[in-house]
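Residue numbers (the working numbering): 26 to 156. Positions of the beta carbon are idealized from the N, C-alpha and C atoms, including for glycine. Here the structure comes first, spelled out in structure tokens, and everything after it is commentary.
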């Protein structure tokens with residue numbers, strides 16, 4: 026009996042440690058994700074302007090870390106809800122978001138140099154505030 030109680034005690038301790046580690050990991054991931062600066066692209070596959078602008082967006086964002094880029098397809102309800110929360114009124118729209126708040130947005134199928142200027146202006150400003 027003592028051996029089985031001892032095993033149970035160790036199992037409970039182990040379970041507690043694992044739960045604590047998972048909780049800390051989840052909190053750390055959420056906290057760091059909220060502090061991140063993101064470029065959020067709102068689009069629709071059935072939108073002619075998105076079809077025109079998509080390759081330009083993809084070309085430009087290759088210069089940024091992939092984890093910094095988020096794509097929201099408005100045909101997916103969850104993604105539509107997020108796009109609406111950000112304030113998307115048209116597609117395509119590119120947002121710069123920091124800590125869940127919109128810093129700036131760019132609407133329409135703009136030329137490559139306009140997109141580059143928008144991202145450089147907003148991301149350099151945001152990064153210089155943090156660094």
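Expected contact under 8 Å - CB spacing of residue i and residue j to nearest Å
i: residue 65; j: residue 120; result: 4 Å
i: residue 115; j: residue 137; result: No, residue 115 and residue 137 are not in contact; Cβ-Cβ is about 19 Å, not under 8 Å.
i: residue 36; j: residue 82; result: About 51 Å separates the two Cβ atoms, so there is no contact after all.
i: residue 67; j: residue 99; result: 6 Å
i: residue 127; j: residue 63; result: Rounded, the Cβ-Cβ distance is 10 Å, inconsistent with contact.
i: residue 147; j: residue 129; result: 5 Å
Residue(s) in a DSSP beta bridge with residue i
i: residue 120; result: 65, 130
Delimiting residues of the beta strand (DSSP E) encompassing residue i
i: residue 98; result: 94-98
Residue from the options with nearest C-alpha to residue i
i: residue 134; options: 62, 73, 63, 33; result: 73
i: residue 80; options: 117, 61, 147; result: 117
i: residue 108; options: 33, 69, 84; result: 69
i: residue 145; options: 127, 88, 71, 61; result: 88
i: residue 124; options: 142, 61, 34; result: 61
Limits of the alpha helix (DSSP H) - the one that residue i falls within
i: residue 86; result: 73-86
i: residue 104; result: 102-111
Residue i beta carbon near the ligand FMN (any heavy atom closer than 7 Å)
i: residue 85; result: Inclusion of the ligand FMN in the displayed structure is not the case, the ligand content being empty and no account of it being possible.
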